[in-house]
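Take a look at the structure set out below.
Put into C-alpha cells, the structure is as follows:
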C-alpha cells in the first residue's frame, strides 16, 4: 500500500501529481486556521470510529464486540487519529489536553479556544456520522422504534432499549456524583500523565512512536478505569456527541441519570488533566538529569 | 530465525548461495510483470490466511476463534502480506487502493488494470487454497453434506449450515441495499484515509512501520464497522473468492441475499477509497507545513 | 497530542515555559533522592493501574474484563510505568530486579535498600488509590457489606464475596506451599531472564523499545504462569498492598490461605530473579560474540 | 528496568562487574558449541512458556485462558525466545527452519544436525519443566489420577481427562492422515514464507524488529490454521515433548490417534518449510529490484 516502486522508466500515461498541484493552490497559510481544521478532522475521525465501536458492541448485544475490543479499538483509534494530524496541529483532540498545554506555555491564548471549538465541531459530526451509518441499519439498532416501545414515545436514554450511550457516556447506576468526579479526574489524570511522559524530549521516545504509545496508554486506562463511567476522559468526546444526541433523544440526555451529570465529563477531565500533567512535571519531569549533567557526573567520577 | 552469526570461520561444507544464484538467472526484468506477480502473490497470501481465519471462526461454531481474532488476524494478515511485496509492487493488494493511487498520479494507466487483474487472480487462488485445506477436513466443515442436508441438494449459501460466507461476504439480513453501499463507502473511505496518512512523507513515519500501521488501521475499522457487511473493503478480496465459490455453491452466490448485492463490494469500496483518500488530501495532506516554511516562520519570529 | 507545531510566528499571549522554570528551581540534585522519588512514583502508577485492572475484573464478576485484559493490561502497565521513570532511576519498580542488579554490580549498597523502600511506598499508595476509587463506587464493590454478609462481621479475604485479592495475591486452593515457591521462582525467573535479554547491549535492542518488550514479556508470562498464584512476581507489588489491605480486612491477609503465605511472594521472586538472571548471564549473555571477535573471525576466514 | 542512570558519581560500595568478569573466563570460544547451547536454551524457553500456556488453557477448562491467549501467547513467546539467542545462533529454534537455511547455503552441514539435536534437547526439558510446575499443582491437573479414573490405570492421552495434549500435539478426531500432512505443510510453509520475508535484507526491516514480526506471523497463522492439528509447525516442538510425555503416558503418545501420527509433525513441517521458503525465493525474493537498478531506471527516465 505504498507508492514506492510503482513508478519507473516506463512511458505510459499517468495522471499529473494532482495532490501536489492542489496543495500549491489550496494550502492554508494561516497557522490558526489549519490547526483548527486539523483538530476538527482528527476529532471527527476519533469519534466516528469510537462511537461506531460502541455501537458495534451495544446493538448486537455483545455478540460481536466485547470489552477488549472497546479497549483495543479506542486505543488504536487514538493512534490513528493523532497520527493523521500531529504534524499540523499537534493532535490534541481533547480540550483537557489543550488546557494542560496552555498551562505549560505550549499553546497561546487565542489558539486555546479555537482548538476547543474545533474539537467539539469534529466530535459532533463524528457522532452524527455514526448515527447515519447505524441508523441506516435500523432493524438492528431499532433506535427510534425501540425507544418508542420502551417508554411509550418518550425517547429512552437508558434501560434495556437505551441507545444514547452510543454517543455520550452515562455513569453506572451505582455511582454517586462525587464518585464520578473522582473517577474522571483520576482517569484523565493518568492519561495526561502518560501524554507528558511520552512527549517529554528528555525521555527520548522517537516521535513516530508517540501515537502508538498514546493508544497503548488509553488501552490500559480503559482496562483499569473503564467500567464506572465509560471513560470519556475528554470534554469534546462527551459534550459534542451529547448535543448531537439531544436532537435524537431529547433533553433527557442532559438530565440522565441526574441533572448536571453532563457537566462531569467536562469539568472533571479538565481538572484531571491539569492535576495529572503537573503531577508528572513536579514529581518526575523536573528531575530527569540532563545529558550534560550526567557527563559531568561521570567525569567527576573518573577523576 | 535469522541467518546472522550462523556462518563463521569454519570450513565445513555448505551449499552454495542458491537464492542469489537463482536470482541472477530468473530475476524478472519487466517492471510490469514483476509487479503483477507480486500483487498476485501478496493478495494470495492475504486471502489464504484471511479466509482461513473466517473458516476457523465459522466451522467450529465460534468455539475456537472469536471476533477479536477476526480483527487482530485480518489486521496482521495485512501487515504480513503488504510487507512481503511492498518493495516490489508497493503492496496495494486492493483494486480500490490502486484506483486511488491512479487518481493521484502515482500509478500509470497500463499498470492499473494489470494490478487489478493480478489482485483478483491471487485472491481467487487464496480462497481456493482455504477450500482445499478445510475441505480436506470435511467432517468438521461438512461443506457439501451440510448443504445437502440443509436444502435438499441445492447448495446453501446462508442459513444455519451456510458456509459461503467463508469465501465472499454477505450483508446482515437487516441491511438494505442503500445502507450496504453507505457501509462499504465509509469503511473503505476510512481505510484509504489511513493509508494516505501513513504513506504521506510529510508525516515522517518510517517506511518499515507502514505495514504494521496498515494492519492496526484495519483492526480498528473492523472493531467499528465490521458487523454490517463483514468489511470486505476490497473488490478483489470479495469478487474473486465469490467467483471461486460459484463453482462450489452455484449461482446463488451472485443473488444472495438479493440480485446484484455482489456488485456492492466492488463499486462501493472503489468509490469509498476515492472519497476517503481525497478527503485526506484536501482537508489534511495539503496543509501540513513543509520543513522549510516552519523554519522561515521561526526565523521571522526570532527577528 | 504533541506540542510540535503549536507554536509559531504569532505574537499572541502565551504563559511562560513554567515547567522549565520550575525545573530550574526544584530539580533534585541528590541522585539518591531523585531515584527514590522516581521508583516510588513509577511503582505507584503500576500498582494503581494494575490493582484497578483486577478490581474491574473482579467486582463486575468478569462481565467487563476477562483474563486477556489482565494479561494485556498488566503488560502495558509495565510499559507505561517503566517508561515514565526509566531516564531517572532506571525503572526497576521491583525489589527482586533491584537485588538482581545489585548482584551484577549495577546498583550500590546504599541505593539497594532505598530503591526497595521507595518501591514499597509507591505500591502501598497505588493500592490505596485503587481502594479510594473503587470504594467510592461501593454499590458495585460492596466491599465492606459483602464481607459482613459473608462471614458475619469478620472481614472476608476470600470466598464468593472475598475482595482482598484485588490488592494482594492469594494462591489457588489446590496449591501447596512448596508449589507456590516453585511457581513464583519460575515466573520471576523468566521475567528476570527477559529483562536481561532486553537490556543486554550486545543484543542491540534500541532503548526506546525496552519498556514495550518488558510489557510483552510480562504478558506472555501471565498467559503461561498466571493461574496458580496470580503472578505477583514482585515483592513490593504484593507485600505493600497487603499491608494496606490489613487496615481493611484485618490480620487474615497475613494468614490466608495459610500462615506465612505472604512471605512467598517476597522470598520466591527474589530467589527467582537471581536464578533467572544468572541463568541468562551464564548460559547466554557470556557467550554473545563481540563485534570485534566476529570481524576477526571473518578476516581469518578471508585469509 | 534498565541499568542506565543507576550508577553515578557516588562512592558507595558496589559489587564488581561480575557478569563481565565471568564472561572473560567462561566465554565459549567454539562457535559450534555456543550455537548449540543457544539453540537449546532458546528452545527450552519457547517450550517451557508455550506448553505452560496450553496447560493454563486446558487444566482450568478454559476459564482462564482462551484461544486468543494461545495465539498471542505463543506469538510473543517466539518473540522473546528468538530475541534471547538471535545474536548467538541466529535463533532458529525449529529444525524445519534450520533445514530451510541449510538448503539456502546459510548453514553448514555440521551445524545442521547439531542445531537440530540442541533444539530437541531444549524442547524436551522445556516440556519437562512445565510438567514439574503443573504436576506440583496436581489437584487442578490431576494428571495421574484423572488418567487412572479415565482408563482404569492405562494412562489417557486423550478424552475428557486426557492431558497429553499439553505436551505434544494431536489432530482433531475428524482429520484424516492425508489432511494432517496438508495442514502442517501449509502452516509451516506460511511460517517459513514470513521468516524469509522478514530477514530478506532487500525488504529493509530493522533487525531489532525481526523477533516481533516473527511473533506476529505465528499469531496470524494460529488464527487461521490452528484448529486442525494445534499448529506444531516445528519438529522439535512436537517430537521432543512427545518423548518426554512417553515417560508419563506410555507408548500411546506414539500411537494416538493412529500409528505414526507422531511422524506428521516431523515430516510435514520440514517439507512445508522448504516449500514455503522456496516459494518466497522463486516468486518474490528473486525479483525485488536492487537499489542500484532502481537508480539506473530513474536515471534512464530522467534522460
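Chains as they are written, first to last, in UniProt numbering: chain A, 1 to 303; chain B, 1 to 303; chain C, 1 to 303; chain D, 1 to 303.
Ideal Cβ placement from N, Cα and C applies to all residues, glycine included.
- When DSSP states are grouped into helix, strand and coil, residue 276 (chain A) belongs to the helix group.
- Counting C-beta pairs closer than 8 Å gives fewer than three between the segment 243 to 263 of chain C and the segment 89 to 107 of chain C, which falls short of the contact rule.
- Apart from sequence neighbours up to five positions away, the residues of its chain that approach residue 81 (chain C) with a beta-carbon distance below 8 Å are 42, 43, 45, 46, 49, 91 and 93, ordered along the chain.
- Considered as a whole, the segment 17 to 51 of chain D harbours 18 to 26 as its complete alpha helix (DSSP H) runs of no fewer than 4 residues, in chain order.
- Take residue 79 (chain A), set aside five residues on each side of it, and the residues of its chain with a beta-carbon closer than 6 Å to its own are 211, 212 and 215, in chain order.
- Within the segment 194 to 206 of chain A, the residues whose Cβ lies closer than 8 Å to some Cβ of chain C are 194, 195, 197, 198, 199, 202, 203, 204, 205 and 206, listed in chain order.
- At the C-beta level, residue 224 (chain B) and residue 53 (chain A) come within 7 Å of one another.
- When DSSP states are grouped into helix, strand and coil, residue 133 (chain A) belongs to the helix group.
- 7 Å or more divides the Cβ of residue 256 (chain C) from the Cβ of residue 34 (chain D).
- Against residue 17 (chain D), the close residues of chain C are 104, 105 and 106, in the order they occur along the chain (beta-carbon pairs closer than 9 Å).
- Where residue 202 (chain C) is concerned, there is no enclosing alpha helix (DSSP H), because DSSP gives it neither an H nor an E.
- The segment 53 to 67 of chain B makes no contact with the segment 177 to 191 of chain B, as fewer than three CB pairs between them are under 8 Å.
- With its beta carbon at least 7 Å from every one in chain B, residue 37 (chain D) lies outside the interface.
- Shown here, residue 229 (chain D) sits in coil according to DSSP, grouped into three states, outside any helix or strand.
- Residue 220 (chain C) counts as buried, since no fewer than 16 other beta carbons sit within 10 angstroms of its beta carbon.
- By the 16-neighbour rule on beta-carbons within 10 angstroms, residue 121 (chain A) is buried.
- For residue 237 (chain C), the enclosing alpha helix (DSSP H) begins and ends at 235 to 249.
- The DSSP-derived three-state label of residue 91 (chain A) is coil.
- Excluding residues up to 5 positions away in sequence, 266 lie with their Cβ nearer than 6 Å to the Cβ of residue 239 (chain A) in the same chain.
- The alpha-carbon separation between residue 24 (chain D) and residue 104 (chain C) amounts to approximately 15 Å.
- Not a single C-beta of chain B is nearer than 7 Å to the C-beta of residue 251 (chain A).
- Around the beta-carbon of residue 20 (chain A), fewer than 16 other beta-carbon atoms lie within 10 Å, marking it exposed.
- Along the segment 107 to 133 of chain A, the beta strand (DSSP E) does not occur as any fully enclosed run of 3 or more residues.
- For residue 75 (chain C), the enclosing alpha helix (DSSP H) begins and ends at 67 to 85.
- Legend: CB atoms of the segment 225 to 239 of chain C lying less than 8 Å from CB atoms of chain D belong to residues 225, 226, 227 and 228.
- In summary, residue 188 (chain D) is buried, with 16 or more beta-carbon neighbours lying within 10 Å of its beta-carbon over all protein chains present.
- Between the alpha carbons of residue 222 (chain B) and residue 262 (chain B) lies a gap of roughly 20 Å.
- Within chain B, the residues whose beta carbon sits less than 8 Å from that of residue 285 (chain D) are 19 and 23, listed in sequence order.
- Shortest Cα-Cα distance from residue 40 (chain A) to any of A:95, A:60, A:16 and A:26 involves A:95.
- Rounded to the nearest angstrom, the Cβ distance from residue 32 (chain A) to residue 114 (chain A) is 6 Å, consistent with a contact under 8 Å.
- Assignment of residue 172 (chain C) by DSSP, reduced to helix, strand and coil, places it in the coil class.
- Only exposed fits residue 63 (chain B), as fewer than 16 other CB atoms lie within 10 angstroms of its CB.
- C-alpha of residue 279 (chain B) to C-alpha of residue 38 (chain C): approximately 45 Å in a straight line.
- In this structure residue 107 (chain C) does not touch residue 274 (chain C) by the C-beta definition: roughly 13 Å separates them, more than the 8 Å allowed.
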